[in-house]
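Data block below; observations after.
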Amino acid sequence: MPLYEFVTTAGTLTDEQRQTLAAEITRIHCGETGAPFEFVHVVFPELPKGLAYTAGRPGSPMLIRGQIRAGRSIEVRHSIMNQIYELVRETTNADPMSIIIAVVDFEPSHVMEGGFILPSTNAADEEAWIAAVSKAHGSAADVNNQV
Amino acid sequence: MPLYEFVTTAGTLTDEQRQTLAAEITRIHCGETGAPFEFVHVVFPELPKGLAYTAGRPGSPMLIRGQIRAGRSIEVRHSIMNQIYELVRETTNADPMSIIIAVVDFEPSHVMEGGFILPSTNAADEEAWIAAVSKAHGSAADVNNQV
Amino acid sequence: MPLYEFVTTAGTLTDEQRQTLAAEITRIHCGETGAPFEFVHVVFPELPKGLAYTAGRPGSPMLIRGQIRAGRSIEVRHSIMNQIYELVRETTNADPMSIIIAVVDFEPSHVMEGGFILPSTNAADEEAWIAAVSKAHGSAADVNNQV
């Protein structure tokens, strides 16, 4: 976590646009939440052309669905959404009304990474979690420096 | 919003069935909620054959997952689901038990369209939102007439 | 319901691994909840190679997202997650930190199967639901014996 799914119809994005979007969404999320880069996943599912409809007619909506841990303030959430909207506008030539951005909550206790149930969003719980994961897998210690 | 994802294994639906399903799901949703057609997205993700399992064996479930704004009554939700079920039964030859329909809530404040955080489902908030979006993008004014 | 989505980049899993994962996830879920096998769906959406990013760079996360009826205890949820984690570790050679498992809740009243809104997780409601579905479709009676 977080996981950002960026759904488009095939052929909408180039590899270069995807690279920019993935890097910038990661930067935006970490800038707002303090999360280590290493935990941010951005995936780009593609719908075959013709398999997306808007208003009952073939269309090309762009659906960006972020799944983050519950506990972030409304200000953080809206800042993430505003920045992603500006990013998509700068990076693609999508019609503004086709851009749908959702950032929804997952209860930390409903998610596991590296074999450990996620901590709440308070600093002490996160620190203990990083320590436990690092001890088990030896990979999260450096990660923490990326915050 | 709303977004309806209609997931099947590849080869289950023809283009004509998809066109019917998309148009009718849009009509059903708007008939029950009063939403403008323009905001309804229906997408048809396909799983390659053999990548879906039921009861631990290869299967062909049909998963229809609607994501709507929180605030609709249980009667509206169930009427949408009942009508979609009848639609799928009439349009396809799917086994009734393979048809799974979920209509789940997204908090309006967790979703942005056209750069604007969605309004709650009360009429005054929706009207103000449509006005703001129309002023910014000049596209939602006509849309409103489709309610 | 339940529905388990097991998302990977293409080429990550073999057919044999998918068969094992689907059968074992089904067994794990039913062992913990008492649900009939017949209601468990496991699907394996694939992202084309290069369309998944971790930390802003191309990556290969493994995203297992279970959607279950609300009402299960935290112990049941965590036991499911722990067992799926061990299963994935035994069945694949995935980096532990790339394995993300979420088991999230759907309100039973937000989901319909075989044309019937799902029951709550108490035994009497489930029994009545199975009886109604069996009467309508003649298929759920035997299913019940698999609990």
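Protein chains in written order, with my numbering: chain X, 277 to 423; chain F, 277 to 423; chain E, 277 to 423.
C-beta: ideal position from N, C-alpha, C; glycine also.
Bear in mind that the values here come from a model prediction, so they are computed numbers and not experimental data.
Would DSSP call residue i helix, strand or coil?
i	result
R365(F)	helix
N421(E)	With a pLDDT of only 40 at N421(E), under the threshold of 50, the placement of this residue in the model should not be trusted; the figure read from the coordinates follows. In this structure, N421(E) counts as coil in the three-state DSSP scheme.
V316(X)	coil
T330(E)	strand
L289(F)	coil
M338(E)	strand
R345(F)	strand
A370(X)	coil
A311(E)	coil
Work out the CA separation of residue j and residue i for me, nearest whole Å.
i	j	result
A400(E)	H354(E)	25 Å
Q359(F)	G391(E)	10 Å
N420(F)	F315(E)	Low confidence applies to N420(F): its pLDDT is 43, below 50, so where it sits in the model is not reliable, and the reading given next is rough at best. Whole-angstrom Cα-Cα distance: 41 Å.
V380(F)	F313(X)	30 Å
A370(F)	Y280(E)	21 Å
T330(F)	M338(F)	11 Å
Q295(F)	T290(E)	34 Å
R341(E)	P321(X)	15 Å
A286(X)	L323(E)	12 Å
G332(E)	P384(E)	37 Å
G347(X)	N398(X)	8 Å
K411(F)	P334(X)	26 Å
R365(E)	P372(E)	7 Å
E351(E)	T367(X)	45 Å
H413(X)	I406(X)	10 Å
F282(E)	T302(F)	29 Å
A404(E)	M277(E)	17 Å
P395(F)	S349(F)	17 Å
I356(X)	S336(X)	23 Å
H317(E)	Q293(F)	24 Å
Q422(E)	V409(E)	Confidence is the limiting factor: at Q422(E) the pLDDT is only 41, short of 50, which leaves the residue's position unreliable, though a coordinate-based value still follows. Near 16 Å, if we compare the C-alpha coordinates of V409(E) and Q422(E).
A417(F)	A311(X)	Only weak support exists for where A417(F) lies, its pLDDT of 45 falling under 50; the coordinates are left without a value.
K325(E)	K325(F)	18 Å
T288(E)	E308(E)	28 Å
E402(E)	F382(E)	16 Å
E300(F)	I376(X)	22 Å
Using CA coordinates, which residue listed in the options is at the minimum distance from residue i?
i	options	result
A298(E)	A346(E), A311(E), L363(E), K411(E)	L363(E)
S374(X)	P278(X), T284(X), A346(X)	T284(X)
H305(E)	K411(E), I344(E), Q293(E), E403(E)	I344(E)
A378(E)	I377(X), H386(X), A378(X)	H386(X)
V319(E)	T302(F), V319(F), P278(F), L327(F)	L327(F)
T361(F)	S336(E), E389(E), I356(E)	Reading the sequence as shown, one finds Tyr at residue 361(F) and not Thr. Comparing Cα-Cα distances from Y361(F) to each of S336(E), E389(E), I356(E), the minimum goes to E389(E).
- Please list the residues of the region 346-360 of chain E that have a C-beta atom closer than 9 Å to any C-beta atom in chain X, keeping them in chain order. Identification of residues in the region 346-360 of chain E having a C-beta nearer than 9 Å to some C-beta of chain X yields I350, R353, H354, M357, N358, I360, given in sequence order.
- In chain order, each beta strand (DSSP E) run of at least 3 residues that lies wholly inside the region 382-409 of chain F: List check, beta strand (DSSP E) in window: 387-389.
- Could you run through the region 359-385 of chain X and flag, in chain order, every residue whose CB is less than 9 Å away from some CB of chain F? So the list reads I360, Y361, E362, R365, D371, P372, M373, S374, I375, I376, I377, A378, V379, V380, D381, given in the order they occur along the chain.
- Near-chain X residues of the region 305-326 of chain E (beta-carbon distance less than 9 Å), N- to C-terminal order: Correct list: P321, L323, P324, G326.
- Between the region 388-406 of chain F and chain X, which residues of the former have CB atoms less than 8 Å from a CB of the latter, in chain order? Residues passing the 8 Å Cβ filter: M388, E389, G390, G391, I393.
- Message: For the region 326-338 of chain X, list every residue whose C-beta sits within 9 Å of some C-beta in chain F, in sequence order.
- Response: Interface annotation for the region 326-338 of chain X against chain F: G326, L327, A328, Y329, T330, A331, G332, R333, P334, G335, P337, criterion Cβ-Cβ distance under 9 Å.
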